[in-house]
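**Q** Numbering of the sequence shown is given in my numbering, commencing with residue 8 and proceeding in unit increments. All C-beta atoms in this analysis are idealised placements derived from N, C-alpha and C, irrespective of residue type, glycine included.
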Amino acid sequence: MSDTQVTYGSYLDIDGLLRLQRPQSKPEHPDELLFIVVHQASELWFKVILHELDRLIERLRATDAAGALAVMKRVNTLVGIVAHELTSLDTLPPHRFAQFRGYLGSSSGSQSAQFRAIEAVSGLRDAHFLNTIREHGDPPALVQRALERPTLQELFITLVEQSGAQLADLYRAEGSHDVLFLLAESLLEYEQAFARWRFGHVQLVERILGPDTGGTGGTLGARYLQRTISQRFFPELWKVRASFFAPPA
Ligand code: HEM
């Protein structure tokens, strides 16, 4: 069935979409549009990533490792895109950002509910993370729901155990758990891709603000962000590697 009344503009609500960029600087700073669009585009991708992570959880719960692997391939591509689009802001030199930064008020990426929800779904639960989200009052519903769910690591390990294996078996008994092995590796790739976003973002922040300038969110800026790079969604997947390099008994 096809409705000839539906057009590109109406289906995608292009008019509505293009009304959403509202630079605040007066007179309008020529670089503020890019700054807004990169943030908005990132939030749109975060929305798709969260949607795909829901599908991933569904597939893991249904013990469908091949389906989960297909979802992870998409998630990893999307995280790569979000990381890459940050590089467009390398064209924003510090003195020009300083000309409109004041118009952002106290807004800061650290208030992004979707970013926190992605971290929570993926598995962050440490005290530093929980403090960060509670800093702004009660966590948004999206984040709260994510915190109440098992982490991706827990779901994956349950799936591995249900198939009669342990994590290390996926690597030791090469060939006997092919799909689970590929899924384990693609979860690790997700962690790497996410860390690349963090690293690219810290570099961008240092490039624009310098290493010691505080953020609009009240943090120590790049110094605070540096510390977030070492956070892990899948500590067990990292740990299992060491078992191949244990000194002989
Ligand atoms: C001119 C470019 C940018 C600058 C100078 C910048 C600066 C900062 C700073 C200083 C922080 C630390 C929190 C604070 O005190 O504000 C931060 C956090 C954050 N920013 Fe940006 N940012 C930029 C671009 C972006 C873009 C394009 C995104 C995409 C959505 C983004 C998302 C985030 C997120 C999610 C956090 C929280 C990270 C965490 O706590 O791990 N930022 N940003």
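1. Answer yes or no: do Val150 and Arg123 have a C-beta to C-beta separation smaller than 8 angstroms?
2. Looking at Leu76: is its Cβ nearer than 8 angstroms to the Cβ of Leu190?
3. Taking the beta carbon of Gly225 as the centre, do at least 16 other beta carbons fall within 10 Å, making it buried, or is it exposed?
4. What three-state label does DSSP hand Thr223 in the structure shown?
5. If you pair each beta-carbon of the region 165–183 with each one of the region 135–151, do three or more pairs fall below 8 angstroms?
6. Below 7 angstroms, is the gap between the Cβ of Tyr110 and the nearest heavy atom of the ligand HEM?
7. May I ask whether a heavy atom of the ligand HEM can be found less than 7 angstroms away from the beta carbon of Gly217?
8. Within 10 Å of its beta-carbon, does Val82 have 16 or more other beta-carbons around it, so buried, or fewer, so exposed?
9. Ordered along the chain, which non-local residues of its own chain (more than five positions away) have a Cβ less than 7 angstroms from that of Pro157?
10. Run the proximity test for Val212: is its beta-carbon closer than 7 angstroms to any non-hydrogen atom belonging to the ligand HEM?
11. I want to check one thing, is the minimum distance from the CB of Glu142 to the heavy atoms of the ligand HEM below 7 angstroms?
12. Is Val128 near Trp204, with beta carbons less than 8 angstroms apart?
13. Which whole runs of the alpha helix (DSSP H) in the region 127–205 are 4 residues long or more, in chain order?
14. Determine the extent of the alpha helix (DSSP H) in which Tyr18 is found, giving its start and end residues.
**A** If we stick to the structure as given:
1. Mapped onto the sequence shown, residue 150 falls at position 143. Mapped onto the sequence shown, residue 123 falls at position 116. Their beta carbons are under 8 angstroms apart, which means Val150 touches Arg123 by this criterion.
2. Counting from one through the sequence shown, the residue named residue 76 turns up at place 69. Counting from one through the sequence shown, the residue named residue 190 turns up at place 183. Yes, they are a contact pair.
3. For the purposes of this step, residue 225 is identified with residue 218 of the sequence shown, where counting begins at 1. Exposed, by the Cβ-count rule.
4. Within the sequence shown, numbered from 1, the residue matching residue 223 stands at position 216. Here Thr223 sits in coil by DSSP.
5. no
6. Working through the sequence shown from its first residue, we reach residue 110 at position 103. Answer for Tyr110: no, Cβ out of range of the ligand HEM.
7. Position 210 of the sequence shown, counting from 1, holds the residue named residue 217. Flag unset: Cβ of Gly217 not near the ligand HEM.
8. The residue labelled residue 82 in the question sits at position 75 within the sequence shown. Buried, by the Cβ-count rule.
9. Within the sequence shown, residue 157 is the residue found at index 150, counting from 1. So no residue of the chain qualifies.
10. Residue 212 sits at position 205 when you count from the first residue of the sequence shown. Correct: Val212 has its Cβ closer than 7 angstroms to the ligand HEM.
11. On the sequence shown, residue 142 is found 135 positions in, with the first residue counted as 1. Checking every heavy atom of the ligand HEM against the Cβ of Glu142, none is found closer than 7 angstroms.
12. As a working note, residue 128 is residue 121 in the sequence shown. As a working note, residue 204 is residue 197 in the sequence shown. It is not a contact, given that the beta carbons lie outside the stated cut-off.
13. 134–141, 148–155, 159–169, 174–179
14. Counted from its first residue, the sequence shown places residue 18 at position 11. Run containing Tyr18: 15–18, per the alpha helix (DSSP H) assignment.
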